[in-house]
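So in our numbering, spot 366 of the sequence shown is number 751, and the numbers just go up one at a time. Worksheet for the structure shown next.
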Amino acid sequence: MNRSIWVVTLSAVLWGQPQSEEREIEPPGRVARLSYLDGNVSFQAASTPDWVPAQPNRPLTNGDRLYTEPRARAELNTGTAAYRIAPSTGVNVDQLDDSFTRIIITDGAVHFRVKQLEDNESIEIDTPNGTVQVNRPGEYRVNVYGPDRSEAIVYVGELRVNGTNLGPRRSATMTGQDGRLDFAISMPPRDNFDQWSESRDRFSDRSESARYVSPGTIGYEDLDANGEWIDAPDYGRVWRPRAVAADWAPYRYGHWAWVSPWGWTWVDDASWGFAPFHYGRWAYYSNSWCWVPGPRAVRAVYAPALVSFHVGGLSVGIGAAPVRWVPLGPGEVWAPGFRATPRYWERANVHNTTIVNKTVINNYYTNVRTNNVENINRNTYVNQNAPRAVSAVSRETFSNARSVHRGMVDGGQPAASPRSSVPAPVVNDGRVIGRQDRQQQRQQQQQQQQQTQAPAPVVQPRQEVRNTPDPTRAARSGSTERSAQRPPEHISREDVRPKHVESKENRPARGERKQDR
């Protein structure tokens, strides 16, 4: 098989069809991060009927669902808004993109704070008998008591409830299938759930990291307590994690999950492990790994994992070849693992790192789009020779969402010059931010690679990967048999008006407000 045929075949196996026939897509630039869990919380991906234990740092997107069991709480963060989910609550992330968010509450309560609302942005909360739209940034709560009664509360800001505006310190009750409104002059008193939500807001407001990251970066609040910001001459202000394992490296302690439409997505084990793995770049500086955030002047754009994938040589056999990856360094172009539009290529890169010349991005896009093998094969990365930079696991470990650091093979170091395969490799012409000696090192490596590279074996993703939790986590949160259980049937498959089956066990008396969820 010649090299040009191999690249086309590789693309067909990885992404479902030949590149020449794929439709270019532009996925949203943001997701919802599962940023807090307390108690038993179930998760259902849009593409599977199975409910599994929810995992921190799991990105949520259109159609994904959560259910908090009694005495459990959770939090979703979309960058400009945070949604706190009370016990015994069902939530569906019905739609989430750069300009519109729609959350469906089938039962229970959600306290949410909107920090910023752009001119072209809309946020909507749906209940079984009403629609709540956010008119201004502020603090709000929505309670759902059943198919016939729900409540909207404005602490700060303004909502539009079933077409009628609702101002600060007021509440409105929606009743019946027609959503008839009953207004209250003053809002109900705050309960323990409100107080907990306010404490989460204070935690976010005090964050030092907000000064160094771009607007919309999800998860920056967790960096303060887990690392420090230092000055790096080449990169400016960078964040360095503390108290990590001796063999720690970016994209090593966690697992891979298949999340549509982005494909292979990194889910990190660390409590702080979201922002540094979906925004910015990593650099090895002053004998430690440091995260370099993206430019502050532009809104952050989410990426599933900012790495270059590699596969070992054919000498170990196609079926046994491990999957390898290396974190991208500052200024290096990330190649999406799907047929993305040129606009997405540019946004996903220039919003996450400083590109000296945008023509470099266009060259990368053209080489991947046309399977330019000669340029594809001339590829080196700043970090690939840094300590512990390259991680490697078997294809079985990779595709079945298993722990990377437990399944490491070959010490994670390449046996030969790395080959990019997921997505296809792209040319790196050296025009990146970094020291001159790094550029010279890359040029030397390119010359050594020219005559030694062989076609990379195929890494075939499963069409659906269930996000099976780490066994130790399952043991802590309860029996692993929960992965096969479904939450109560009031979480329906209908989109906008889910059916509701009342639960007498957790239902307040008619006319009473459910306190202290």
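All residues carry an ideal CB built from backbone N, CA and C; glycine is no exception. In this text, all values refer to a predicted model and were calculated from it rather than measured experimentally.
Candidates the options: which alpha carbon is nearest residue i's?
i: residue 746; options: 719, 463, 765, 503; result: 719
i: residue 627; options: 638, 712, 613; result: 613
i: residue 641; options: 710, 549, 557; result: 710
i: residue 597; options: 622, 582, 587, 611; result: 622
i: residue 421; options: 443, 530, 436; result: 443
i: residue 434; options: 424, 419, 451, 518; result: 451
i: residue 473; options: 491, 463, 461, 553; result: 491
i: residue 643; options: 461, 783, 538, 662; result: 783
i: residue 448; options: 625, 573, 527, 646; result: 646
i: residue 425; options: 437, 673, 431; result: 437
i: residue 795; options: 670, 610, 706; result: 706
i: residue 786; options: 653, 695, 694, 717; result: 653
i: residue 475; options: 562, 428, 432; result: 428
i: residue 561; options: 530, 551, 479; result: 530
i: residue 418; options: 632, 663, 740; result: 663
i: residue 717; options: 432, 740, 695; result: 740
i: residue 477; options: 526, 430, 580, 661; result: 430
Measure the beta-carbon distance from residue i to residue j and round it to whole angstroms, keeping in mind my assumption that it falls under 8 Å.
i: residue 498; j: residue 467; result: 5 Å
i: residue 725; j: residue 489; result: Not quite, the Cβ-Cβ distance comes to about 29 Å (not below 8 Å), so this is no contact.
i: residue 372; j: residue 768; result: In the structure as shown, the chain begins at 386 and stops at 902. Residue 372 is therefore absent and cannot be evaluated.
i: residue 465; j: residue 500; result: 5 Å
i: residue 677; j: residue 715; result: 5 Å
i: residue 771; j: residue 620; result: About 14 Å separates the two Cβ atoms, so there is no contact after all.
i: residue 441; j: residue 656; result: 7 Å
i: residue 674; j: residue 727; result: Not confirmed; about 31 Å, so no contact.
i: residue 557; j: residue 537; result: 5 Å
i: residue 585; j: residue 460; result: 7 Å
i: residue 708; j: residue 778; result: 6 Å
So, for residue i: in the same chain, excluding its five sequence neighbours on each side, which residues have a beta-carbon less than 7 Å away from its beta-carbon?
i: residue 547; result: 515, 516, 559, 564, 566
i: residue 423; result: 457, 458
i: residue 733; result: 686, 688, 719, 721
i: residue 693; result: 710, 711, 713, 766, 805
i: residue 781; result: none
i: residue 408; result: 724
i: residue 826; result: With a pLDDT of only 42 at residue 826, under the threshold of 50, the placement of this residue in the model should not be trusted; the figure read from the coordinates follows. For residue 826, where only same-chain residues beyond five positions count, there are no Cβ hits under 7 Å.
i: residue 601; result: 415, 464, 465, 684, 685
Going by the beta-carbon positions, is the gap between residue i and residue j smaller than 7 Å?
i: residue 446; j: residue 495; result: no
i: residue 659; j: residue 603; result: yes
i: residue 535; j: residue 549; result: no
i: residue 648; j: residue 722; result: yes
i: residue 486; j: residue 508; result: yes
i: residue 582; j: residue 469; result: yes
i: residue 608; j: residue 594; result: yes
i: residue 502; j: residue 522; result: yes
i: residue 545; j: residue 528; result: no
i: residue 737; j: residue 665; result: yes
i: residue 572; j: residue 587; result: no
Residues in the same chain with beta-carbon distance under 6 Å from residue i, minus the five sequence neighbours each way, listed in chain order, please.
i: residue 589; result: 606
i: residue 575; result: none
i: residue 540; result: 524
i: residue 691; result: 713, 719
i: residue 671; result: none
i: residue 624; result: 608, 612, 614, 676
i: residue 729; result: 411
i: residue 453; result: 426, 459, 470, 472, 474
i: residue 506; result: 484
For residue i, which beta-bridge partners are listed by DSSP?
i: residue 526; result: 496, 538
i: residue 793; result: 778
i: residue 461; result: 419, 468
i: residue 504; result: DSSP output for residue 504 lists no bridge partner at all.
i: residue 550; result: 545
i: residue 477; result: 450, 489
i: residue 566; result: 559
i: residue 693; result: 711
i: residue 765; result: None; residue 765 has no bridge partner.
i: residue 673; result: 670
i: residue 581; result: Residue 581 pairs with nothing; no bridge assigned.
i: residue 612; result: 626
i: residue 439; result: DSSP lists no partner for residue 439.
Could you name the residues of the same chain whose beta carbon sits closer than 8 Å to that of residue i, not counting the 5 residues immediately before and after it, in chain order?
i: residue 637; result: 773, 776, 789, 790, 793, 797
i: residue 413; result: 446, 481, 482, 483, 687
i: residue 735; result: 680, 683, 743, 746
i: residue 897; result: Its pLDDT being 41, under 50, residue 897 is placed unreliably in this model, and the value from its coordinates should be taken loosely. So no residue of the chain qualifies.
i: residue 551; result: 537, 539, 543, 544, 545, 557, 568
Please indicate yes or no: does the CB of residue i lie closer than 6 Å to some heavy atom of the ligand NAD?
i: residue 605; result: The ligand NAD is not part of this structure, which contains no ligands at all.
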